[in-house]
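Trainee: Each residue of the sequence shown is one higher than the one before, counting from 767 in this note's numbering.
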Amino acid sequence: MAFIGGDARQLEVIKSCIEQNAKVSLIGFDNLQSPFSGASNRELTPSLLKTVDMLILPILGTDEEGYVSSIFTTKKLALSEEHIASLTSRAMVYTGIAKSYLKNLCDQHSIRLVELLKRDDVAIYNSIPTVEGALMMAIQHTNITIHGSVCAVLGLGRVGMTLGRTLAALGARVKMGVRRTDQAARSEEMGLSPFFMKDLHRHAGDVDLLFNTVPALVVTAKVLNRMPYSAVIIDLASKPGGVDFTYAEKRGIKALLAPSLPGIVASKTAGRILAQTMTRLMSEELEEEGS
767 MAFIGGDARQ LEVIKSCIEQ NAKVSLIGFD NLQSPFSGAS NRELTPSLLK TVDMLILPIL
827 GTDEEGYVSS IFTTKKLALS EEHIASLTSR AMVYTGIAKS YLKNLCDQHS IRLVELLKRD
887 DVAIYNSIPT VEGALMMAIQ HTNITIHGSV CAVLGLGRVG MTLGRTLAAL GARVKMGVRR
947 TDQAARSEEM GLSPFFMKDL HRHAGDVDLL FNTVPALVVT AKVLNRMPYS AVIIDLASKP
1007 GGVDFTYAEK RGIKALLAPS LPGIVASKTA GRILAQTMTR LMSEELEEEG S
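1. From which residue to which residue does the alpha helix (DSSP H) around Phe1011 run?
2. Answer yes or no: do Ala1014 and Leu990 have a C-beta to C-beta separation smaller than 8 Å?
3. Within 10 angstroms of the Cβ of Gly771, are there 16 or more other Cβ atoms? Answer buried if so, exposed if not.
4. In or out: Thr932 buried (at least 16 other Cβ within 10 Å) or exposed?
5. I'd like to know whether the C-beta atoms of Leu868 and Leu879 end up nearer to each other than 8 Å.
6. Any heavy atom of the ligand NAD inside 7 Å of the beta-carbon of Val984?
7. By a C-beta neighbour count over all protein chains shown, 10 Å radius and 16 as the cutoff for buried, is Glu955 buried or exposed?
8. Would you say His849 and Leu810 are within 8 Å of each other, going by their C-beta atoms?
9. Quick one: what does DSSP say Met956 is sitting in, helix, strand or coil?
10. Have a look at Val973, Val1009, Pro981 and Val984 and flag the residue whose alpha-carbon is nearest the alpha-carbon of Pro994.
11. With a cut-off of 8 Å on the beta carbons, I'd call Leu1063 and Asp965 a contact; round off their distance for me.
12. Answer with buried or exposed for Ser953, where buried requires no fewer than 16 other C-beta atoms within 10 angstroms of its C-beta.
13. Please report how far the alpha carbon of Val985 lies from the alpha carbon of Asp1001, in whole angstroms.
14. Rounded to whole angstroms, what is the Cα-Cα separation between Met858 and Leu821?
15. Which whole-angstrom value describes the C-beta separation of Val998 and Leu975, a residue pair presumed to lie in contact below a C-beta threshold of 8 Å?
16. Run the CB neighbour count on Leu905, radius 10 Å, all protein chains shown included, and call it buried at 16 or more, exposed below.
17. Go through its chain and collect everything with a Cβ distance to Thr839's Cβ below 7 Å, but skip five positions before and after it.
18. Which residues in the same chain as Met732 place their Cβ atom closer than 8 Å to its Cβ, once the five residues preceding and following it in sequence are excluded?
19. Please list the terminal residues of the continuous beta strand (DSSP E) segment that includes Tyr995.
20. Considering only C-alpha positions, which residue in the set Met1048, Leu920 and Leu843 is nearest to Arg808?
21. From this set, Ile825, Leu815 and Gly921, which residue's C-alpha is nearest Gly1029's C-alpha?
22. For Thr874, tell me which candidate among Glu881, Ser855 and Tyr860 has the shortest Cα-Cα distance.
23. Count the other CB atoms within 10 Å of the CB of Ala1021; is the residue buried (16 or more) or exposed (fewer)?
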């Protein structure tokens, strides 16, 4: 298998693969301070990729031009069509989230692509370090306790559910922004106060902390006009987030975009989550091939 780029999360995955006696090639890890004894540093070439069964990319995969980010090298890493075409038909590509560039290349060459963050198990486990990071930011950027504060959480997905439950456990008064009646029912069952997202502006007037998990513009100028100046917004959605940051700054409301918190606040745990999932998927793949 070959790893291309990434951050500290990848180190746990690499360690796990070496422990499974896999033959590991590392691309874009030349500045790693503590190199792995069971892996070899290689250049990104089609001839190398012809030999791999699994190509493992960072959480964000590639950008729309094929570039792969890595904190362990100063070199530019670009995954081209030639690279994907060199993979064998049984090879698999693993990433967190794939942009259209990577999806299209894998589709064109019939290469199986696994997006780990689209799996419920990974997303639920990842919600734990995400929420801990969000709490850390809330504490750092406010002068009030979470206990007794009025918090609005937008979106009752995997992160929103964990966040709402955690804030309530800390004594916050939690409003839950939902879109469907079943989500409203679940919020009430959890002891939270649901409201429908279309009415967000009506519920923003007393909010101390607003956490957004919705990857679409939901915290608009209309909403921001109703919010107190002292409020703090923490946007956990993927870039560009769901907040009108320009208008928030104009109003003097602190708004922070904080995607990818697991890799920032708990890279070791986040890496273990990925490693455990990938190890399980690899084992299942080998079992299927052997049956």
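Quick reminder that beta carbons are idealized off the backbone N, C-alpha and C, glycines included.
Mentor: On the basis of the supplied data:
1. Start and end: Phe1011 to Arg1017.
2. Contact flag set, yes.
3. Buried.
4. Thr932 counts as buried, since at least 16 other C-beta atoms from the protein chains shown sit within 10 angstroms of its C-beta.
5. The answer is yes: Cβ separation under 8 Å.
6. Ligands in the displayed structure: none, and consequently the ligand NAD is not present.
7. Exposed, by the Cβ-count rule.
8. The answer is yes: Cβ separation under 8 Å.
9. In this structure, DSSP gives Met956 a state outside helix and strand, which the three-state scheme calls coil.
10. Nearest option by C-alpha distance: Val973.
11. The structure shown does not extend to residue 1063, since the chain is modelled only from 767 through 1057, so no value can be given for it.
12. With 16 or more other Cβ atoms inside 10 Å of its own Cβ, Ser953 counts as buried.
13. Straight-line Cα distance between these residues: approximately 10 Å.
14. Each residue's Cα considered, the two are about 6 Å apart.
15. So it is a contact: roughly 6 Å between Cβ atoms.
16. The identity of residue 905 in the sequence shown is Ile, whereas the question assumes Leu. Result: exposed.
17. Within the same chain, Thr839 has close Cβ partners Gly794, Phe795, Asp796 and Asn797.
18. The shown model of the chain, from 767 to 1057, leaves out residue 732, and the question about it has no answer.
19. No beta strand (DSSP E) holds Tyr995; DSSP gives it neither H nor E.
20. Taking only the C-alpha atoms, the option nearest Arg808 is Leu843.
21. Selected option, being the one with the closest Cα: Ile825.
22. In the sequence under discussion, the amino acid at residue 874 is Gln, which differs from the Thr named in the question. Residue Ser855 is the option with its Cα nearest to Gln874.
23. Within 10 angstroms of the beta-carbon of Ala1021 lie 16 or more other beta-carbons, which makes it buried.
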